[in-house]
Structure formats: C-alpha cells, structure tokens
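Asks: Questions regarding the structure given below will be posed in turn.
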Amino acid sequence: MRTLLRAILAVFVLATAAPAGAQEDRRPEIGERLEIGMSTDEIAIASDFRGADLTIFGAIEGYDPDLLAQAKYDIVVALEGPKDNQTVRRKERVLGIWVNRHSMTFELAPESYSLSSTRDVDDIAPVAVLNSIGVGLQHIRLDPVGFFGDGSNVSEFRTAFRRLKETGGYFQRHPGGVQFISASLFKATVRLPANVPNGTHVVRAQLFRDGVFISEKAMPLRVVKTGLEQMISNAAFNNPVSYGVLSVILAVLTGWIASVVFRRD
Amino acid sequence: MNIFIILGMGAAVGFLSGMFGVGGGFLITPLLIFYNIPPIVAVATGANQVVASSISGAITHFRRGSLDIKLGTVLLVGGLLGATAGIWLFALLRRVGQLDLVISLLYVLLLSVVGVLMLFESVRALRRAAKNEPVNLRKPGHHNWVHGLPLKMRFKKSKIYLSVIPVVVLGFSIGILTSIMGVGGGFIMVPAMIYLLRIPTNVVVGTSLFQIIFVTAYTTVMQAATNNSVDIVLAFILMVAGVIGAQYGVRVGQRLRGEQLRALLAMLVLAVGMRLAVDLVLTPEEIYSIVSEGVRR
C-alpha cells in the first residue's frame, strides 16, 4: 500500500516537474551522457586498513567540443555509503548532569559520503540544483522522521550531523579530485575512509553543463571487511544466540582450566 | 584498543578480586568505560567476564558441598526473572538514548554506597582490632522483620525456616544489577544474606556463587541475543588476565592484614565512583551524538 502510494506520488511529481524544467533551461540538442567504470565492484578490506583512494574512470559521451574547450562541463563523483536511519541526540544540563534531551532521526541518510569533483561543488551549480539532487556535503538529503512543527531546529541537527560525520572522517570532500586526462576522458579519485562502513556503497557520478544538471550514472560497490575481527562481528550479528552460548562456554573453560592449572595441593 | 592495556586492566582487577574474594565486575565495567569502550559493550562483556572469574570458586564450593542448592535455586529463579526484566529495560533505555546515563548513574550510586559502607566497616574493624574485641557476625536466634513474612519454606542445609519472598526479591534485584551493570552482585548479595536473611556464613558464599554463575551466564546469552553487545575477544583477554591475576591476589591476600586492605579497596571503589560522577557533571566536548538505527536497506 505504502509503496503504491509512493509510486503514485513519484509519477505525480514527475508529471508536474517535467514541463517546468523544459521551459526553464534550453534543453540540450545533443544529449550528453556519462559513462563510468571501475576495475571491481567489490572491495575487500583487511583489519589493518588505514584508508585508500579509489580511482574511477569515465567519459562524457555526445559532448559539445566547443563547450568542452571552454571547460563548461563539470563532473561530480561521490561514493555514498550504506543508508540507515540515523539519530542525532543533543545533551543538555539537567540538575547539573548532562543528559540526552532532544533528538532527531534522519531517514535513510548515508553512513559515509566521499565527494570528488572538478571544482568546489558550490561553484559548479546553484544551491537549489545541488539540494534537489542531493549532491555535496551541505546538500545531502537529510529528511527528519516524523513531524516537526515549526522545523526551526531541523537545520541545527542537520549541521551537527554533517559536522560529526566530517570530524569522524565519514564525510569527505576533494574538490579537484576529478581531472580530465584527455578531451572527454576523466579520472576521479574518491577517498575510502579508514572506518569505511561494511556494505553496499554506490558510486554516483553527475554531469553538469554550465551549472545545469545533465545526467547521472550510478554503480554499486560492495565493501566487504575481511579478517578474524569481521568474522567474529558477523557471527555476533548473524548467530547471536550461538555466539552468546559460545562466550559462556569460553568463560567456563577459562575459569575451569585456571583452577586446574593453579590448584594448590 | 591496546591489548596490553586490556591485559593490565584484567590482571589488576583479577588481582584485587582474588585478594578480596569479589567478582570484580563492578571495577571492570567502569574501567572499560573510562577506556572509551561503549558502556553497552562494557556491561555485557563484564557479565561474561564474571562467569570466568566466579567459576573456580563455584566449583570448589560445589565439591565441598558448602552451598544450599534449594536456597540457591529460589535465589536463581528471582535472578533469572530479574535479568530478563533488566535486559528488557536495557533495550528500552538504549532505544530512547538514556542507557549510558543510567549505567553511569547506577554505578555512581552503587560504588559510593559500597565504598562508604566498606570504609566504615573496615575502620570499625581496625578500631575493634586495636581494642581486642571479638568479631560478631551472626546473632543466632535474633530475628528481624524479614522472618515475619509469609510463604515460608524450610532450607535444610542452612538450617533455617524462611519466607521465599525476600529470597526471590533479593535474587530479582541482583538479576537486574547483573543485566544493567554487568556485575555478579556478590558484594551486595553476601551481606544481604548474612545480615538480612541470617543465613549461616558457611553456605553464603557458595550459594551466592551458584546464583551468580547461572545469572551471569544467562545475561551474557541474552545480551548477545538482544543487543549484540558481547565482545568475545575483549572478554577473553580480560578473563585470561583476570584468572591469572586472581591467583596472585589470593596468595597476597592470605599474607596481608585484611582491614587495611579493605580500607584501600573502599577508597579505590570511591575513586572510581567519583570519576564517573565527575564525567556526568563536566561539560562534554561534544554535546551531539549520532546513532545508527540498524534498519539498513
């Protein structure tokens, strides 16, 4: 029911948005498209991983050589981490003690976000465009769950969310990380943070022409953590009961062996 | 996480627990929290560690028969119910973002009370020793309000006729403490059994260990199952260091005078409690925090 409603809504939005868009910008006579490629769709990460650069190659197809020569094309490549509902909490002093008082949950926000672009995204396109497609650290879609009357503190929690993600290394940006290596061929360097979350990430590339969003291309990238640590963590989440029983058995054995080894007769 | 710091922590607490005959959970969990281990993991891992540190004592008492299984079973029923309620409460507090606060507050409360009581007790013992007065733990035949409660049951091994209500309530409270704080609870249960229930001292320790082993084991499994919060590697390092430290603690404890040591432990307990209290009051560097809800799609 809910998905049906969403689908209807989406159709409605598309139907109303399309003519408006057509009126506003001079629709391209030539349809530029983006192609991107990676050497792998899965990255294995060992426990001593300290972060790495991921290189993505791509090309603009159907480009206008004059515009390209004038450097009118801009490309943004982002590595978006797995999405989850994330709650931001704020502490306040209550009777002298710091207590979590207010909170806001953002629906399916990316756990990590690493951005690479030909130049600063805010110079590439107007804020409204960036917000509508959710490109840029300051423009990622952060929708609070539930109803917030006046919405006055939404921006405060959004700012805190972005700041914490940036200081934690989860959100990164690299203006100038996308470079043209020949006329229409480009190379994007995206940083994988040391604490990159496990799961399916999405590499999303956007093409802008003179501040206008033209096209997008996305590819999934699976980040798989390997090693003993991750194996144990997987067991804890996939077989929690057996994991708990095993923990108890280990404790009983350790205590019992110690009492046998150190027995004083 | 530095393995040597964890080893040192486990060994130090193990040493103290061997010296004083306590489980050590009430020191391990706060130390882990000081070392920036998330409280949710510190508590669950602490409970797991207590299983290891209590098992050898439990085996010894079981072999000697110095425990009252019937009484222990009644305590255990209360304990399992308490742990179940505690785990439910734990998950609820976690959902509303108040878990860390409640854990810290409970520790501040518990450590201050236990520390102050221990300090008074050891100072009194020191004075008594100075005056050469005999120590009198149990006054036989001396009854209190607990013995007027209904639903009485005969515990042959303990040679007492006692209402099951206070026993179940005691077990229940300890079960809650085990699940929310990651402690065995012996340091509360033993005095309560001696002074409140007037159970003979020769079966008290064995019987309380009987309850502790099963309740901490049950809590470990429940924590793993509901909160995925047991860190088996961390627990194992702590256990190994702890059981070795405890052996030396026992040896040293037998040679030294008890009262002064107990006064020292009391001050250590108070210091740990104070540190937790200060952390609650000081303005934190960061007042915002992010938690993922784990509904990944």
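From first to last, the protein sequence lines stand for chains A and B. Straight run, no breaks: the first sequence in this note's numbering ends on number 286. Straight run, no breaks: the second sequence in this note's numbering ends on number 464. Idealized CB from N, CA, C, for every residue including glycine. Nothing here was measured: the structure is a model prediction, and the numbers come from that model.
Applying the criterion that 16 or more other CB atoms from any shown protein chain within 10 Å of the CB defines a buried residue, is residue 215 of chain A buried or exposed?
Replies: Flag for residue 215 of chain A reads exposed.
Asks: In angstroms with no decimal places, state the Cα-to-Cα distance between residue 295 of chain B and residue 452 of chain B.
Replies: Using only the alpha carbons, I get a separation of about 48 Å.
Asks: Taking Cβ-Cβ distances shorter than 8 Å, what residues in chain A pair up with residue 406 of chain B?
Replies: In chain order: 271, 272, 275 and 276.
Asks: At a threshold of 7 Å, does residue 179 of chain A count as lining the ligand FMN (C-beta to nearest heavy atom)?
Replies: Ligands in the displayed structure: none, and consequently the ligand FMN is not present.
Asks: Starting from residue 118 of chain B, find everything on chain A with Cβ-Cβ shorter than 7 Å and list it in chain order.
Replies: Nothing in the structure corresponds to residue 118 of chain B, since chain B is present only between 168 and 464.
Asks: Against chain A, does residue 455 of chain B count as a neighbour if the rule is that its beta carbon must be under 8 Å from one of theirs?
Replies: Cβ-Cβ to chain A under 8 Å: yes for residue 455 of chain B.
Asks: From A/274, A/279, A/271 and A/230, pick the residue whose C-alpha is nearest to that of residue 139 of chain A; which is it?
Replies: Measuring from the Cα of residue 139 of chain A, the nearest candidate turns out to be A/230.
Asks: Could you give the distance in angstroms between the alpha-carbon of residue 267 of chain B and the alpha-carbon of residue 205 of chain A?
Replies: C-alpha separation (whole angstroms): 54 Å.
Asks: Which of the three DSSP states is assigned to residue 215 of chain B in this structure?
Replies: Three-state DSSP puts residue 215 of chain B in a helix.
Asks: Determine the burial state of residue 184 of chain A: buried for a count of at least 16 other Cβ atoms within 10 Å of its Cβ, exposed for fewer.
Replies: The residue is exposed, with fewer than 16 neighbouring Cβ atoms inside 10 Å.
Asks: So what's residue 160 of chain A in DSSP terms, helix, strand or just coil?
Replies: Three-state DSSP puts residue 160 of chain A in coil, outside helix and strand.
Asks: For residue 189 of chain B, collect the residues of the same chain with a Cβ closer than 7 Å to its Cβ; drop the 5 residues on either side in sequence, then sort them by chain order.
Replies: So the list reads 353 and 354, once near-sequence residues are dropped.
Asks: Would you please verify whether the beta carbon of residue 165 of chain A is less than 8 Å from any beta carbon of chain B?
Replies: Not one chain B Cβ lies under 8 Å of residue 165 of chain A.
Asks: Determine whether the beta carbon atoms of residue 97 of chain A and residue 145 of chain A lie at a separation below 8 Å.
Replies: For residue 97 of chain A and residue 145 of chain A, yes; Cβs fall inside 8 Å.
Asks: Which bits of chain B does residue 182 of chain A rub up against, with CB to CB less than 7 Å?
Replies: Per Cβ cutoff of 7 Å: 457.
Asks: Counting along the chain, where does the alpha helix (DSSP H) carrying residue 252 of chain A start and finish?
Replies: Run containing residue 252 of chain A: 249-259, per the alpha helix (DSSP H) assignment.
Asks: Just the Cα atoms here: how many angstroms apart are residue 347 of chain B and residue 249 of chain B?
Replies: Those two C-alpha atoms are separated by around 10 Å.
Asks: Starting from the Cα of residue 237 of chain A, find the closest Cα among A/221, A/178, A/95 and A/251 and give me that residue.
Replies: Nearest option by C-alpha distance: A/95.
Asks: Rounded to whole angstroms, what's the CA-CA distance from residue 371 of chain B to residue 232 of chain B? Just pull it up for me.
Replies: One C-alpha to the other measures close to 12 Å.
Asks: For a cutoff of 8 Å on Cβ pairs, would you count residue 391 of chain B as touching chain A?
Replies: Cβ-Cβ to chain A under 8 Å: yes for residue 391 of chain B.
Asks: Helix, strand or coil: how does DSSP classify residue 299 of chain B here?
Replies: Three-state DSSP puts residue 299 of chain B in coil, outside helix and strand.
Asks: Name the chain A residues whose beta carbon is nearer than 8 Å to that of residue 399 of chain B?
Replies: Simply 253, 257, 264, 267, 268 and 271.
Asks: Note down, in chain order, every chain B residue with its Cβ under 9 Å from the Cβ of residue 107 of chain A.
Replies: Near residue 107 of chain A (Cβ distances below 9 Å), the residues of chain B are 457, 458, 459 and 460.
Asks: Got a sec: which bits of the stretch 130-154 of chain A sit with their beta carbon under 8 Å from any beta carbon on chain B, in order along the chain?
Replies: The residues in question are 132.
Asks: Short check: CB of residue 218 of chain A to CB of residue 395 of chain B, under 8 Å?
Replies: Not closer than 8 Å, so no.
Asks: Using a beta-carbon distance below 8 Å, is residue 204 of chain B in contact with chain A?
Replies: So, not an interface residue.
Asks: Are any of the Cβ atoms in chain A nearer than 8 Å to that of residue 403 of chain B?
Replies: So, interface residue.
Asks: Closest to residue 224 of chain B by C-alpha separation, out of B/439, B/366, B/426 and B/379, would be which residue?
Replies: The candidate whose alpha carbon is nearest that of residue 224 of chain B is B/379.
Asks: For chain A, find out if any of its Cβ atoms is closer than 8 Å to the Cβ of residue 264 of chain B; answer yes or no.
Replies: Answer yes: the Cβ-Cβ gap between residue 264 of chain B and chain A drops below 8 Å somewhere.
Asks: In three-state DSSP terms, what is residue 279 of chain A?
Replies: Here residue 279 of chain A sits in helix by DSSP.
Asks: Can you give me the C-alpha to C-alpha distance between residue 240 of chain A and residue 279 of chain B, rounded to a whole angstrom?
Replies: Approximately 57 Å between the Cα atoms of the pair.
Asks: Excluding the 5 residues preceding and the 5 following residue 413 of chain B in the sequence, name in chain order all residues of the same chain whose CB lies nearer than 6 Å to its CB.
Replies: Excluding residues within five positions, the ones whose Cβ falls inside 6 Å are 181, 184 and 185.
Asks: Per DSSP, which one or two residues make a beta bridge with residue 119 of chain A?
Replies: Paired residue(s): A/114.
Asks: Cα separation between residue 253 of chain B and residue 342 of chain B?
Replies: Looking at the two C-alpha atoms, the distance is approximately 7 Å.
Asks: Taking C-alpha atoms, which residue in B/390, B/269 and B/381 lies nearest to residue 241 of chain B?
Replies: Considering only alpha carbons, the answer is B/381.
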